Each structure stands twice: as C-alpha cells, then as structure tokens.
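Start counting the sequence shown at 1; every next residue gets the next number (the UniProt record's numbering). Backbone N, C-alpha and C define an ideal beta-carbon position, used for all residues, glycine too. As the structure is a prediction and not an experimental result, all values here were calculated from the model. What follows is a short report on a single structure.
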Amino acid sequence: MGGVAQGLSIKMFTILSPNSSIFPQNLTLSEKHQKLTEISKARALDLIMTTNSSETLVPNAISSPVKHAYSDFYYTEMYIGTPPQKANLALDTGSTLTWVQCEGCKSCFELSMPNFNIRRSTTSRPMPDDHPLCVPPNLGPGTKGQNCVYGLFYYDRSSTYGPFGFDTFTFLSVQGQLAIPNVAFGWGLFNKVNFNDYFHGHDNPIGGILGLGRGHPTGILQQLNQITLQRFSYCLPPQFEAQSLLHFGEDAQIGGPSVGSTLILGGPDDYYFTKLDAISLNGQRLQIDPSLFMAGGKGMAVDSGSPYSHIVAEAFKVLKQAVVDYFP
C-alpha cells in the first residue's frame, strides 16, 4: 500500500439516528432509554463472562473463548468486492475479527439488503490453512483442510462460522473513496445472530461486524497498519443526532485545551481497558474503594457497543445514595 495517505475518516452512524431503520421511531424518550439500558446490561454481563471464562466452543483447530453479545449501536457504510457490493458493518471495539453474512448462507439472519455475494466478486479468494493469519483462537483449518475457517461463539448463544478469505474493501472516506485490496475477513455462512434483538425492527441493514479490537493480526487496525497506524478516534454525538466520524491514523489526532488523555492498560484481551481512580459528585470525591474498579485486575472496559456505563454493584450503591442525597 505504498503511497497511501496515513489517515482515513469515515462516516459513523448511530442506531438512534432519525433516519435509522433499526431503532423504532415511535418510542417515547423513556422507552428509548429503557432499550439502551437493556443493551448495556447485556454487554456488561457478557464482558464479565468473556474476560473470566476459558470455555472453548469452536470446533476443530479454532479455540475461541466466549465473547460478548452483538450490538449495532454504531455502524458504518462500506463496499466489499469487485464490483463493489454495499455492506453496513457494526463497529465493535471488543472484537478484532471482521465478518459479513454471505449469499448462500445455511443459517442466516434477516437483512434488508442483499447478502455479500462472494462468487460475484472477481477479487475474492479463500485463505489457505497454512497462512500465517490462520491461527487460534478464532481461526484454524476446516474439516476438509486446505482452507482457513473462522468461528465465533458468544455468551448469548449467538454464533457465526464460515470460510476466512480476502477481498477488496472500499471505504467511503470524507476525502473520497479508498479501495484497499486483500483485506482478510470472515465469510459468514452459518449465522445465528439477531441484530434486532432489542429493537424488534422489521428492516435490519446490519450485515456484519467491523472489528476494531486490539492485539490480533486479523484486526482491521493491524491489517491496515500503514493507514491506521493502529490508532483511531471518534466523537460521541448527542444520542439522537444522525452521524459522526470515525478517524484512523493521522486523522485520529484530537487536540485542544479541553482534551484530556488516559493510559490504555495492557493485556491479552481484544478489549481496551483503562483505569478509573474515583467518582466525584458536585466536586466531592465519593468514598469508594478504588480496587472495585479493577475487578479481575483489568480495569474499566471501553466498549463501543454499550450505550451506557456500568460499574460494580458495591460502587453503584455509594453513587446512587450520593445522587439521592444531592436531590432530596
């Protein structure tokens, strides 16, 4: 990818957008917050199970720990293949693996647009099982050998499984279209997923996941390292606005006198963890044991799929009482 600019900015949509076909538009504000709370609770529970579980469920050579439930709180539009086929992928900072539901799937979820058709793309090719990227925990040789397969099994019993291969990804950058060849991703042929589980919408436009997690070489950040420089940023728009931007590489720089920063804690997980020292209300630091924010020694997870923050029950009790006392 010589000569490619070290930066990329693409549109990022939220399910709460007035133009979104995922989130029901006839809900009251209270009902919307209730739906978002349900998502956040599920993600928090699944994160706990993910980081504390060594269970492996994927067949053959793939040894995949149980991961979090799906959430399409943020998603982006892009094109895959030659000629390009449109795909909306949910952004997931808790997963490195990117996948999309494909035409010919044996087990499929409902989708309002056509599935990605591998056979119609002249640039698609499977990944051989001896490729250096075809390694556990989520990748390995198929039952018949020769080609690589992927498998992801989730705490809520959702799953996706299929061949792992390459194709051209075309990003709709604000600078113009950027086509990148030979991006590795999963060809979802066996999918037990319901992206509308919390919304009950009739038209689901989300066809897969764009994995923004850290660490694994199959991650988009790692594969497109010359462009992403393994860094990204996005601003959180007011919940009911239409869109924001997801920045990669040089475009990801955020500056100004009001900008703060904190360290991302290391670790083997796909997730991004950071350290929370304390919570204050009205300038008063609450009496909460800081060790409660380091459950399992990992810290607080930054999760693009969780609309609201969650803390452990002991800390929440102190915070809740402080809020009650502040608003008698």
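Practice task
Please report the residue range of the beta strand (DSSP E) in which Leu91 lies.
Solution key: First-last of the beta strand (DSSP E) with Leu91: Gln85 to Asp92.
Exercise for the section: Note the first and the last residue of the continuous alpha helix (DSSP H) segment covering Tyr326. Expected result: Ala313 to Tyr326
Handout entry: Proximity of Asp92 and Gly211 at Cβ, strictly below 8 Å
Key = yes
Handout entry: Residue ranges of each beta strand (DSSP E) within the stretch 210 to 268, 3 or longer
Key = 232 to 234 and 243 to 249
Practice task
Taking the CB atoms as reference points, tell me whether Ile227 and Gln6 lie closer together than 8 Å.
Solution key: yes
Exercise for the section: Hey, could you find the ends of the beta strand (DSSP E) Leu110 is sitting in? Expected result: Reading the sequence as shown, one finds Glu at residue 110 and not Leu. Glu110 -> no beta strand (DSSP E), and no H or E assigned at all.
Practice task
Please determine, among Lys317, Leu221 and Pro181, the residue with the shortest C-alpha to C-alpha distance to Ser124.
Solution key: Pro181
Exercise for the section: Helix, strand or coil for Pro132, going by three-state DSSP, please let me know. Expected result: coil
Problem - Whether Gln146 touches Asp129 by CB criterion (8 Å) - result: yes
Problem - Closest residue to Ser121 among Leu133, Gly165 and Asn138 (Cα-Cα distance) - result: Gly165
Problem - Nearest-angstrom Cβ-Cβ length linking Gly188 and Thr160, presumed shorter than 8 Å - result: 5 Å
Exercise for the section: Count the other CB atoms, across all protein chains shown, that sit within 10 Å of the CB of Asn115; report buried if there are 16 or more and exposed otherwise. Expected result: Flag for Asn115 reads buried.
Handout entry: For Ser30, three-class secondary structure by DSSP
Key = helix
Exercise for the section: Sort Thr218, Gly94 and Phe171 by Cα distance to Val149 and report the nearest one. Expected result: Thr218
Practice task
Taking only the alpha-carbon atoms, compute the straight-line gap between Met78 and Gly104 and give it to the nearest angstrom.
Solution key: 21 Å
Exercise for the section: Starting from Tyr150, follow its DSSP beta bridges and name the residues at the other end. Expected result: Leu139 and Gly162
Practice task
Could you have a look at Gly81 and say whether DSSP puts it in helix, strand or coil?
Solution key: coil
Exercise for the section: Please classify Pro181: does DSSP put it in a helix, a strand, or coil? Expected result: In the three-state scheme derived from DSSP, where H, G and I count as helix and E and B as strand, Pro181 is classed as strand.
Problem - Distance between Leu139 and Phe316 (C-alpha atoms, nearest Å) - result: As the crow flies, the alpha-carbon of Phe316 is around 39 Å from that of Leu139.
Exercise for the section: List the whole-angstrom C-beta distance separating His247 from Ser9, where the pair is believed to meet the contact cut-off of C-beta under 8 Å. Expected result: 5 Å
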